[in-house]
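Numbering (full-length UniProt numbering), first residue to last: 1 to 174.
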Ligand SMILES: [Zn+2]
Ligand SMILES: [Zn+2]
């Protein structure tokens, strides 16, 4: 996802838009959810030359797919994230504070948007994805989808079950 910015000519104030569809790079996600490699990512960005470098700002839209952490149903939605990132020109001295952080650089008049995309997308993925906020998930006893069976529950009335439950207690003597 490298883009040439030579045309901006290091002259502060010059700018252009970057509207493009690119294939998603691999490994863009977390355990249960992410952007499929090769799927369409829409860039709607503005590249602006400023004194220290190239300022990239705008939105990125990617299709997120994964599964619900409760019921394991597949889920998919479009994720739109705002990005704003300054790529420093080579040779620009950074102040002390800035040197501590990892800074992006314009290298040979090219900026690489992949790490920017990665940061923007991954930090906006839910840690615990759910198909719906009120997803009831699966029964912890038998794995049935609770939504499919309203009122589903397990009675432990059978004495054999009660005995088993009793035996499973860790504090049972002998
Ligand atoms: Zn669910
Ligand atoms: Zn059950």
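Just so you know, even glycine gets a beta-carbon here, dropped at the ideal spot from N, CA and C. Here the structure is a predicted model, which is why all the values come from computation and not from measurement.
Note the first and the last residue of the continuous alpha helix (DSSP H) segment covering residue 67.
On the chain shown, position 67 is the one that residue 67 refers to. First-last for residue 67: 53-67, but that is the beta strand (DSSP E), not the alpha helix (DSSP H).
Tell me the residue span of the beta strand (DSSP E) that contains residue 75.
Position 75 of the chain shown, counted from the start, is the residue given in the question as residue 75. Element bounds for residue 75: 74-88.
Among the residues of its own chain, which have a CB less than 6 Å from the CB of residue 45, if the five just before and after it don't count?
Locating residue 45 in the chain shown gives position 45, counting from the first residue. Around residue 45: 18, 56 and 58.
7 Å Cβ shell around residue 114 - same chain, five flanking residues per side excluded
Residue 114 sits at position 114 when you count from the first residue of the chain shown. These residues qualify, in order along the chain: 1 and 25.
Distance between beta carbons of residue 22 and residue 121, contact taken as under 8 Å
Position 121 of the chain shown, counted from the first residue, corresponds to residue 121. Position 22 of the chain shown, counted from the first residue, corresponds to residue 22. In fact, because the Cβ distance is near 13 Å, the residues do not count as touching under 8 Å.
DSSP three-state assignment for residue 114, whether helix, strand or coil:
Taking the first residue of the chain shown as 1, we reach residue 114 at position 114. DSSP places residue 114 in helix when its eight states are reduced to three.
Starting from the Cα of residue 147, find the closest Cα among 28, 131 and 94 and give me that residue.
Position 147 of the chain shown holds residue 147. Ranking 28, 131 and 94 by Cα distance to residue 147 puts 131 first.
Please classify residue 75 as buried or exposed, where buried requires at least 16 neighbouring CB atoms within 10 angstroms.
Indexing the chain shown from 1 puts residue 75 at position 75. It is buried - the Cβ of residue 75 has at least 16 other Cβ atoms within 10 Å.
Sort out for me which residues DSSP pairs residue 15 with in a bridge.
Sequence index remark: in the chain shown, residue 15 carries index 15 (1-based). DSSP output for residue 15 lists 48 as bridge partner(s).
Would you mind giving the Cβ-Cβ distance between residue 52 and residue 28, rounded to the nearest angstrom? I have them listed as a contact below 8 Å.
For the purposes of this step, residue 52 is taken as residue 52 along the chain shown, with counting starting at 1. For the purposes of this step, residue 28 is taken as residue 28 along the chain shown, with counting starting at 1. About 28 Å separates the two Cβ atoms, so there is no contact after all.
Using the Cα positions of residue 160 and residue 67, report the straight-line distance between them to the nearest angstrom.
Numbered from 1 along the chain shown, position 160 holds the residue referred to as residue 160. Numbered from 1 along the chain shown, position 67 holds the residue referred to as residue 67. Taking the straight line from one Cα to the other gives about 37 Å.
Minimum C-alpha distance to residue 92 - residue among 163, 141, 10 and 82:
Taking the chain shown and counting its residues from 1, one reaches residue 92 at position 92. That would be 10, whose Cα lies nearest to the Cα of residue 92.
Quick check on this structure: which residue in 79, 111 and 41 has the alpha carbon closest to the alpha carbon of residue 90?
Counted from its first residue, the chain shown places residue 90 at position 90. Closest by alpha carbon: 111.
Run the proximity test for residue 44: is its beta-carbon closer than 6 Å to any non-hydrogen atom belonging to ligand 1?
If you number the chain shown from 1, residue 44 lands on position 44. Residue 44: no, Cβ never under 6 Å from ligand 1.
Going straight from the alpha carbon of residue 117 to that of residue 82, what length do you get?
The count along the chain shown starts at 1 and reaches residue 117 at position 117. The count along the chain shown starts at 1 and reaches residue 82 at position 82. Rounded to whole angstroms, residue 117 to residue 82 spans 10 Å at the Cα level.
In DSSP terms, what residue 21 is bridged to
For the purposes of this step, residue 21 is identified with residue 21 of the chain shown, where counting begins at 1. Per DSSP, 42.
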